[in-house]
Amino acid sequence: MSEEILINVTPRETRVAVVENGMLQELHIERGWRRGVVGNIYKGKVQRVMPGMQAAFVDIGLERAAFLHANDVMRPPQTGNDGEGGGDSLFPSTAPTLPVTELLRDGQDIVVQVVKDPIGTKGARLTTQISIPSRYLVLLPQSRVVGVSARIEDDVERTRLKTLVSELAAATGGHGYIVRTNAEGQSAEALAEDIAYLQRAWALIEHTTGDSRVGARVYEDLTLPMRAVRDLMRRDVDKVKVDSRDTYEKLCIFAAQYLPAPGPAEQARLVDRIESYTGTRPIFDLYGVEDEIQRALKKDVPLKSGGYLVIDQTEAMTTVDVNTGSFLGQRNLEETVFRTNLEAAQAVARQLRLRNLGGIIIIDFIDMVDAEHKRQVLRTLEKSLSKDHAKTTVYDFSPLGLVEMTRKRTVESLERQLGEACTACNGRGIVKTIETVTYEIFREIVRAVRQFEADRLLVIASPKVVSTITDEESAAVVELEEFLGKSIRFQSDDQYLQEQFDVVLL
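So this is what it looks like as structure tokens:
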């Protein structure tokens, strides 16, 4: 499998595309004036504790107060049997079961980390369980536990990594760590360098926190290009191509200093896989990424077989409907449906990654009778989701034949990042028909005449509406004028949308 990471840099926007076998799989966007805040650590102040919600609102210097749930708050360290002491600690220890009023108080200073960007009208989601990621590890400064990613399945390798990291941790302060998937097969030297980096980062955060004011950012995650190299550059990534010389040089320095050489089995060093793209054609155009982005903003997703998906994103959930379309199959209906659903399962997994859809997701596969076919479709979906960096949970077919799943959401979906509600329909997805608007105008004319005195009326509306009224509905206009005893004139205006109109009394 061929995999490349493409980085497109412009003065106000950076985009990172992950391309597998020539097909776009992921897209990450960072805009200079609206960088995400996930991973950032702030010194905040508790604005208001909400016992009924088991949560609190915290001022961290952003536009809206951030949200901190009791389950994400660490228990203050205990100094005696009475439980007193340590309540003002900026770095408490874990305990999600206590009432929020015993964990926080109004006006309390607290160090928090953002786990979810502000989305829509909701403020950022916070935690006091600080974690700092590196290439192979995640530092848990308030814990002493060493865990290993579930995606490392080999028991011997899991044991090796856990033993190695536990020994290194004990020798460097005894903090807790999570061993990331990228650590599989890495040497003790590589892991030791990661731990040394994380120790330096945490020491700096502790030092900075003491001198910082409320609302100050005491730690900022890396820029998007560096995060992409840190998190996405695995062994199966052939190249990282970047179209900015300045960013290329920074990435080379970052890779050489921060990312250790993976080991003797690696055919090329990480820095050798980073290339500066200097072609005249835009890099995203060369790989067809721009076209894929435009397709990812559409509801319909065509399948190679002739079937298609319809993806609808709402406030509460995302729904995916699978249709056979023009695919007729060659054997029987059950086989046709099965083949379409198999292809759809792979396409759904890709679309969720590409569109960055999260929360509750409902997939309406075409109804299948054979229980084995259902199991194979579900296995195909789970296997296709295994490459997803976001955590996913898939449930079995429901009695109605629906597959329910969840996908962890930390930032806005691609649609919400690149688009906004249509001004013509206010986000409904439809506009009223010309006929509907016409009859609304007639009712508004009657209402206006009964409320106010006027000899004549002027109706201003869109050209299409006015054309329909003066042509197809001209007889109705004559009847209305006779009924009201008023003269009615119509005027078209290109600035009016189909649903907009004004009735003016003259």
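Everything in the sequence shown is counted per this note's numbering, starting at 40 for the first residue and increasing by one. Glycine included, every Cβ here is placed at the ideal spot set by N, Cα and C. Predicted, not measured: the structure shown is a model, and the values here were computed from it.
Could you give the first and the last residue of the continuous alpha helix (DSSP H) run that contains residue i?
i	result
Gln333	328–335
Asn380	372–394
Ala210	194–210
Leu137	That residue, Leu137, is in no alpha helix (DSSP H); it is neither H nor E in DSSP.
Asp403	Taken as a continuous stretch (DSSP letters only), Asp403 belongs to no alpha helix (DSSP H), being part of the beta strand (DSSP E) at 398–403.
Arg190	Careful: Arg190 lies outside any alpha helix (DSSP H) and carries neither H nor E.
Arg266	263–271
Tell me the DSSP secondary structure of residue i in three-state form.
i	result
Gly458	coil
His246	helix
Glu538	coil
Arg312	helix
Asp285	helix
Glu483	helix
Ile548	For residue 548 there is no data in the structure shown, the boundaries of the chain being 40 and 545.
Glu59	strand
Gln86	strand
Pro502	helix
Met113	strand
Asp121	Note that Asp121 scores a pLDDT of 40, beneath 50, so its modelled location is shaky; the value from the coordinates is reported in the next line. The answer is coil: DSSP assigns Asp121 none of H, G, I, E or B.
Arg54	strand
Ala95	strand
Leu545	coil
Phe293	helix
Val48	strand
Tyr216	strand
Ile169	coil
Asn362	strand
Ser41	coil
Phe522	helix
Arg164	strand
Thr319	coil
Val184	coil
Asp277	strand
Tyr478	helix
Asp510	helix
Would the beta-carbon of residue i fall within 8 Å of that of residue j?
i	j	result
Ser173	Leu271	no
Ile191	Glu232	no
Ala386	Leu348	yes
Leu45	Tyr326	yes
Pro264	Thr248	no
Val77	Thr449	yes
Ala105	Gly162	yes
Ile484	Val542	yes
Asn221	Arg273	yes
Leu372	Thr419	no
Val185	Ala208	yes
For the beta strand (DSSP E) holding residue i, just list the boundary residues, first then last.
i	result
His108	105–108
Leu63	62–70
Phe529	526–531
Val257	255–258
Glu443	442–446
Gln415	Not the beta strand (DSSP E): Gln415 falls in the alpha helix (DSSP H), residues 410–424.
Pro341	339–341
Val151	148–155
Leu325	Note, Leu325: premise wrong, no beta strand (DSSP E); alpha helix (DSSP H) at 322–325.
Gln225	That residue, Gln225, is in no beta strand (DSSP E); it is neither H nor E in DSSP.
Val177	176–179
Thr431	431–436
Ignore the nearest five residues each way along the sequence and tell me which others in residue i's own chain have a CB closer than 7 Å to its CB.
i	result
Val516	Ile508, Ile527
Ser251	Lys82, Val257
Ala95	Val85, Arg87, Val88, Met89, Leu107, Val139, Leu143
Gly119	Low local confidence applies: a pLDDT of 40 at Gly119 is under 50, so the model's placement there is unreliable, and no value is given.
Arg103	Pro157, Gly162
Leu178	Ser170, Ile171, His214, Tyr216, Leu237, Trp241
Val340	Tyr347, Leu348, Ile350, Ala386, Gln390
Ile244	Ile80, Val257, Tyr258
Our contact map puts residue i next to residue j with C-beta atoms below 8 Å; I'd like the distance itself, whole angstroms only.
i	j	result
Val97	Val151	6 Å
Glu512	Thr477	6 Å
Excluding sequence positions up to five away, which residues of its chain have a Cβ less than 8 Å from the Cβ of residue i?
i	result
Ile400	Met356, Thr357, Thr358, Val359, Leu391, Glu443, Met444, Thr445, Arg446
Gln93	His108, Ala109, Asn110, Pro138, Val139
Leu203	Ala227, Leu230
Glu196	Glu223, Gly224
Asp427	Ala388, Leu391, Arg392, Arg446
Ala463	Val470, Leu536, Gln537, Glu538
Gln64	Val57, Val58, Arg389, Arg392, Leu393, Lys426
Glu520	Ser526, Ile527
Give me, in chain order, the residues of the same chain whose beta-carbon lies closer than 6 Å to that of residue i; leave out the 5 immediate sequence neighbours on both sides.
i	result
Glu52	Arg70
Ala240	Ile171
Tell me whether residue i counts as near the ligand ATP, meaning its Cβ is closer than 7 Å to at least one heavy atom of that ligand.
i	result
Lys503	As far as ligands go, the structure on display features none, and thus does not contain the ligand ATP.
Counting only beta-carbon separations shorter than 8 Å, does residue i have a partner in chain C?
i	result
Leu391	This model lacks chain C altogether, as it is built from one protein chain only.
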